[in-house]
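Going by the working numbering, the sequence shown opens with residue 49, and the numbers climb by one from there.
We put the CB at the ideal spot given by N, CA and C, even for glycine.
Single-structure report; data block below.
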Amino acid sequence: MRRDDDRREAVTYRVPAKVNLELRVGPLRSDGFHPLATVFHAIGIYDEVRASRTAANKVTVAVTGDTPGLAAVPQSEDNLAARAAQALARSAGCELGVHLQITKRIPVAGGLAGGSADAAGALLACRDLWRLGNSDDELRSIAAEVGSDVPFALLGGTAVGTGRGERLASLPEGGTFSWVVAVAERGLSTPAVYGELDRLRHGTAVPELRVTDSLVAAIRSGDPAGLAEAMANDMQAAALSLRPELAKTLDVGRQAGALVGLVSGSGPTCVFLVSDTAAAETVEAALRSRAVAHEVLRATSPAHTASVPD
Ligand code: C5P
């Protein structure tokens with residue numbers, strides 16, 4: 049840490065969105081969560097969280113940005129970033145105040161873990177601002193209490209997630225990938241999509257949860273075709289059942305030349321892996337001209353969480 053950190057009045061972190069390159073979901077557990085075997089992968093669409101000192105010992109939040117669904121993000125202590133800051137203060141055993149300024153670019157309730165990104169940014173920024181000595185492991189366990197996807201957002205990159213997604217093992221990455229991201233106008237509730245998956249399955253047996261070796265190998269070698277072949281999402285059928293129009297979005301992107309198109313996490317965002325910039329342009333143009341997305345973004349991956357200098 050720099051010597052002048054002692055005098056810092058504000059700290060900013062940039063935290064990426066995630067997609068699940070593979071998402072395998074087991075049967076509902078007695079604690080209300082589902083066991084997962086997933087490959088989290090961060091893509092270059094970022095929220096920024098700026099934590100600044102306040103006179104009062106309370107946590108306040110302001111959210112700006114122009115991403116769809118922004119109006120639904122609470123600017124109160126219900127915001128996941130505020131809950132994360134409060135959890136960190138509690139773990140320090142003292143009353144601490146902060147103002148969190150969140151600049152959102154990650155689509156809201158989109159299956160891209162934008163709320164988790166903000167929570168992770170708040171944990172990292174408040175640890176620095178408050179000069180707490182929490183180790184990365186301690187921060188990760190506070191993150192897991194805040195939400196299943198928050199521990200991954202502390203890191204970014206690529207990682208296998210097990211448990212309810214909070215147990216992580218980072219994976220080696222050997223290249224960059226290009227994505228086109230189709231954003232829906234309205235988000236989907238994560239618990240509703242899990243519930244729909246349970247309903248569609250009618251309690252039928254679920255195969256053993258594990259991630260596919262060829263997918264891990266494709267990430268290691270930076271092979272988009274190999275990655276496209278192995279990508280899969282158990283939640284997709286449930287997201288399509290709740291939002292049938294997403295099938296058309298996926299079709300348009302695939303027919304325009306995407307290597308693969310998949311619902312991201314619990315949706316409704318659809319992500320398309322493409323081979324190069326020219327293919328990205330073609331897929332983006334098709335999604336726009338057929339009006340099958342509210343907004344279309346482009347991103348490269350992997351992406352990482354990092355502090356932003358003032
Ligand atoms: O952990 P998080 O707060 O993001 O989870 C939101 C909801 O999503 C949970 O309350 C649960 O209904 C569902 N969930 C699940 N299994 C997981 C993660 C989330 O059923 N592994």
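With distances taken from CA atoms, which of the options is nearest residue i?
i	options	result
residue 350	67, 56 and 57	67
residue 251	75, 263 and 62	75
residue 69	178, 90 and 61	90
residue 139	164, 154 and 174	174
residue 164	131, 147, 181 and 60	131
residue 180	133, 158 and 318	133
residue 64	96, 156, 56 and 84	96
residue 357	73, 99 and 273	99
residue 262	255, 273, 256 and 118	273
residue 319	59, 159 and 153	159
Using DSSP with H/G/I as helix, E/B as strand and the rest coil, what is residue i?
i	result
residue 162	helix
residue 107	strand
residue 349	strand
residue 300	helix
residue 196	coil
residue 202	helix
residue 49	With a pLDDT of only 45 at residue 49, under the threshold of 50, the placement of this residue in the model should not be trusted, and no figure is reported.
residue 336	helix
residue 121	coil
residue 189	helix
residue 112	strand
residue 254	coil
Starting from residue i and walking both ways along the beta strand (DSSP E), at which residues does that stretch end?
i	result
residue 324	No beta strand (DSSP E) holds residue 324; DSSP gives it neither H nor E.
residue 206	206-210
residue 96	84-100
residue 178	Premise fails: residue 178 is in no beta strand (DSSP E) and is neither H nor E.
residue 81	Neither: residue 81 is in no beta strand (DSSP E) and is coded neither H nor E.
residue 307	From DSSP, residue 307 is part of no beta strand (DSSP E); its letter is neither H nor E.
residue 230	225-231
residue 354	354-356
Please report the residue range of the alpha helix (DSSP H) in which residue i lies.
i	result
residue 154	Looking at the DSSP string, residue 154 is not in any alpha helix (DSSP H), and its letter there is neither H nor E.
residue 238	238-249
residue 261	261-269
residue 220	Residue 220 -> no alpha helix (DSSP H), and no H or E assigned at all.
residue 130	128-140
residue 63	Unbroken run through residue 63 is the beta strand (DSSP E), 58-73; no alpha helix (DSSP H).
residue 288	284-290
residue 275	272-278
Any heavy atom of ligand 3 within a distance shorter than 8 Å of the CB on residue i?
i	result
residue 238	Because ligand 3 does not appear in the structure shown, any question about it cannot be addressed here, the ligands present being ligand 1.
Cα separation between residue i and residue j?
i	j	result
residue 127	residue 331	34 Å
residue 102	residue 136	16 Å
residue 81	residue 281	17 Å
residue 143	residue 258	42 Å
residue 216	residue 222	19 Å
residue 270	residue 312	20 Å
residue 50	residue 176	Since pLDDT at residue 50 reaches only 47, below the 50 mark, its modelled position is unreliable, and no value is offered.
residue 228	residue 314	17 Å
residue 336	residue 348	19 Å
residue 339	residue 145	45 Å
residue 290	residue 121	22 Å
residue 61	residue 241	30 Å
residue 260	residue 254	16 Å
residue 244	residue 287	8 Å
residue 154	residue 78	32 Å
Comparing the C-beta of residue i with each C-beta of chain D, is any distance below 9 Å?
i	result
residue 331	As a matter of chain content, chain D is missing from the structure shown, which is built from one protein chain.
field: Three or more C-beta pairs below 8 Å linking the region 291-305 and the region 175-193
entry: no
message: Between the region 285-303 and the region 200-207, can you find at least three pairs of beta-carbon atoms closer than 8 Å?
response: Too few Cβ pairs lie closer than 8 Å, so no.
message: So, does the region 93-108 touch the region 170-181, judging by three or more C-beta pairs under 8 Å?
response: yes
field: Cβ contact (3+ pairs, closer than 8 Å) linking the region 229-242 and the region 172-185
entry: no
query: Can at least three beta-carbon pairs, one atom from the region 240-255 and one from the region 326-342, be found at a separation below 8 Å?
result: Fewer than three beta-carbon pairs drawn from the region 240-255 and the region 326-342 are found closer than 8 Å, and the two stretches are therefore not classed as touching.
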